[in-house]
Structure formats: structure tokens, C-alpha cells
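*Asks:*
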Amino acid sequence: MKKKQSQESQNKNHKVIVFGNQKGGIGKTFSTLAVASKKSLSGEKILIVDLDSGGHATSSLLPESDLDTNFQTILEISQGRVHIEEAIISSKISRVDLLPADQRIKNIDDFYVNKNPAFIAKNMIKDIASFYDLIFFDVGPSFSRVISSAYLAADIVFIPITPDTYSIEAATCTVQSLLDACFEWRVQIPTIKIFFNRFTTRNSSLFAEEFVKKSSLAKFYSGIKLPETTTALHAINQKDFFLKKVSSETGRELRNGIENLAKIVSLNNKILNRGALENEIH
Ligand SMILES: Nc1ncnc2c1ncn2[C@@H]1O[C@H](COP(=O)(O)OP(=O)(O)OP(=O)(O)O)[C@@H](O)[C@H]1O
Ligand SMILES: [Mg+2]
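If you're matching positions, the sequence shown starts at 789 in my numbering and goes up one per residue.
#1: In this structure, how does DSSP classify residue 922 when only helix, strand and coil are distinguished?
#2: With a cut-off of 5 Å, give the chain-ordered residues whose Cβ is closer than this to any heavy atom of ligand 2.
#3: Can you tell me whether residue 924 is buried or exposed? The criterion is at least 16 other CB atoms within 10 Å of its CB, across all chains shown.
#4: Would you call the CB atoms of residue 926 and residue 854 closer than 9 Å?
#5: Going by DSSP, which residues form a beta bridge with residue 948?
#6: Across which residues does DSSP place residue 835 in a beta bridge pair?
#7: Count the other CB atoms within 10 Å of the CB of residue 883; is the residue buried (16 or more) or exposed (fewer)?
#8: Considering only residues of the same chain and omitting the five flanking positions on each side of residue 835, which have a CB-CB separation below 6 Å?
#9: Answer yes or no: do residue 963 and residue 947 have a C-beta to C-beta separation smaller than 9 Å?
#10: Using DSSP bridges, identify the partner residues of residue 878.
#11: On a Cα-Cα basis, can you pick out the residue from 821, 828, 941 and 851 that is closest to residue 973?
#12: Are the CB atoms of residue 862 and residue 814 within a distance shorter than 9 Å?
#13: In angstroms with no decimal places, state the Cα-to-Cα distance between residue 821 and residue 983.
#14: Check whether the Cβ of residue 929 sits closer than 8 Å to any heavy atom of ligand 1, and report yes or no.
#15: At the level of alpha carbons, what is the spacing between residue 969 and residue 869?
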């Protein structure tokens, strides 16, 4: 297994990024991989910490030769059996390192009962953070203790929503859980950016026109759109992911849901801009 390359330069201004939403299957991992790989192309050194026992980021990023090899996860780090630096490996994308995960980490919260989540993820990366420009935590669809600690460690939390009311409700819940956790654990609220994923003219025609014209939500992102059949990594390798204009209609419920979400976000003074996602990480 290829160990990460030694890092000569250190960056004290690294950023921690989380793509989060308590709903599953709405593009958290996909967007993490897409944005991380896009950023790596411009020379930035990236670490992806897989916090999902599903290990989807890991299976996408692990070089073929390492698929059957034993790797270390945050479980072994939490058990004190290995230091994070020894557990990090090179991924198949250059300049992107990976702390992998698999089913082993499904009960990881057991190690952190009664621990302050403001420090779990933060402390985990503290010795290696300055080796990277960007650190992404790939989180699963929950707000469990360890996952909430990643949100609390983040400088920017991107929240994908898809054109269904459940994803918007879940996004609203996620923003609320994050704000509550910041209050409870006295952590500064990260920048929160909502973006549309998988909104197309087909699934949402009338909605966006109205939406873009009439509301402040014109500032929302459009999502990364790829042909449905394209797998994330294939697309990334082809570098053919691109942003599509917001254009949508899925009805009143959807609009109400999004407007409600926008209120919560903007009440907290989080400005949502248009443009390419990766340009939102400065
Ligand atoms: N914009 C997109 N274009 C094409 N495919 C996408 C897009 N967004 C997500 N997908 C695909 O949808 C599926 C679910 O996405 P993904 O695994 O990123 O969701 P997730 O939010 O990380 O889910 P989980 O919470 O279970 O980890 C994947 O097959 C992914 O490749
Ligand atoms: Mg995922």
C-alpha cells in the first residue's frame, strides 16, 4: 500500500470542508470527490477523511492494488493503535490522500460517549492538518457524535439538496442540528452553502423560473450535473463534470421547503452565491 508522499510544505491556512445532509444518496460523496479532484488539479494538497462505514469515498479512491490490502481507519486511530499519519494513504488521484473507512467504523461513536464533539474531529487531524490545503470529511447520512464533530470542525459546510421534499426537509434539519450543536458546544458557526444537485429542466421546469425571478433564492447554486449513467470517478477522470443552470419545478411543497430552508440559512447571515462550487472554497 502506497503511503502518502512526504509533505515538504505546510499550510497553516488549510480549510476543512464537509458536504453534509442527514439524508442519504443526495450527492455528498459524489460532490466531495468532484470538488476535491477539481481542486487537486490546481495543485492543492487534499486529504479526504472517510467517516462513513459504507466506505463509498474509500472504494472510489482506493487504488486497485490496495483493494484487498488491510488499511487502517479512524477505528484504529481512536483505539490508539495507530497514529493518523500512518493510516493515511495515497489515493488514485494525484495530490489527494485518503484516510479510508469500511464497516469497522460503524460503532465508532462508542469511543466518544460523553466526549465534546467540538474536539473529536479537530483533534484527530491536528497533527497532519497543516500538510494539506483542504481537508474533506466524507460523512454519512446522520448527525451522530463523530459525524457532528466533523461539521463542527468545518470552515465550510456545503449542503446538497435534490428535487424532492425529503432532501429539503433533511437539509433543514441538518442546518438546525448544526446551529444547535454550535450553540451547545460553543463553536463558531461555519459558512453554510446550500446547492442544488440533480435539478434538471425535466424534473423541475416551472419552479426555477419563478424561483429565480421572485426570490432571493436566485443566489442558490445549481448543482453538478452529470449523465446519470456516469459513475463519479469515471466522470472525474474524464473531467467532464460541469455546472448546470438552476431550472426547475416540482411544485409548491418543494418551493415552500426551500424558502423555509433559505430563511434559516440567511437568518444566520450565510450568503449563497452562484458559480462553480470549487470557486466557493477560497
Ligand atoms: N450530480 C450528479 N450527477 C450524477 N450522479 C450523481 C450526482 N450526484 C450524485 N450522483 C450519484 O448518486 C448516487 C448517490 O450519491 P452519493 O453516494 O454521493 O450520495 P451520498 O449523499 O454520499 O449518500 P450517503 O449518505 O449514503 O453516503 C451515486 O451513485 C452518485 O454517483
Ligand atoms: Mg456518501
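Quick reminder that beta carbons are idealized off the backbone N, C-alpha and C, glycines included.
*Replies:* According to the structure data:
#1: As a first step, residue 922 must be located in the sequence shown, where it is residue number 134. Residue 922 falls in the strand class under three-state DSSP.
#2: 816, 817 and 844
#3: As a working mapping, residue 924 is identified with position 136 in the sequence shown. Residue 924 is buried by the Cβ-count criterion.
#4: Residue 926 sits at position 138 when you count from the first residue of the sequence shown. Residue 854 sits at position 66 when you count from the first residue of the sequence shown. Their beta carbons are not under 9 Å apart, which means residue 926 does not touch residue 854 by this criterion.
#5: As a working mapping, residue 948 is identified with position 160 in the sequence shown. BP columns for residue 948 point to 983.
#6: Reading the sequence shown from its first residue, position 47 is the one you call residue 835. Per DSSP, 885 and 923.
#7: One-based indexing of the sequence shown puts residue 883 at position 95. Buried is the call here.
#8: As a first step, residue 835 must be located in the sequence shown, where it is residue number 47. Counting only Cβ-Cβ distances below 6 Å, and skipping sequence neighbours, we find 885, 920 and 923.
#9: Residue 963 sits at position 175 when you count from the first residue of the sequence shown. Residue 947 sits at position 159 when you count from the first residue of the sequence shown. Result yes, Cβ atoms of residue 963 and residue 947 sit closer than 9 Å.
#10: Within the sequence shown, residue 878 is the residue found at index 90, counting from 1. According to DSSP, which records beta bridges pairwise, residue 878 is partnered with 885.
#11: Taking the sequence shown and counting its residues from 1, the one referred to as residue 973 is at position 185. The candidate whose alpha carbon is nearest that of residue 973 is 941.
#12: Counting from one through the sequence shown, the residue named residue 814 turns up at place 26. Counting from one through the sequence shown, the residue named residue 862 turns up at place 74. It is not a contact, given that the beta carbons lie outside the stated cut-off.
#13: Residue mapping note: residue 821 aligns to position 33 of the sequence shown, counting from 1. Residue mapping note: residue 983 aligns to position 195 of the sequence shown, counting from 1. C-alpha separation (whole angstroms): 16 Å.
#14: For the purposes of this step, residue 929 is taken as the residue at position 141 of the sequence shown. Checking every heavy atom of ligand 1 against the Cβ of residue 929, one is found closer than 8 Å.
#15: One-based indexing of the sequence shown puts residue 969 at position 181. One-based indexing of the sequence shown puts residue 869 at position 81. Each residue's Cα considered, the two are about 30 Å apart.
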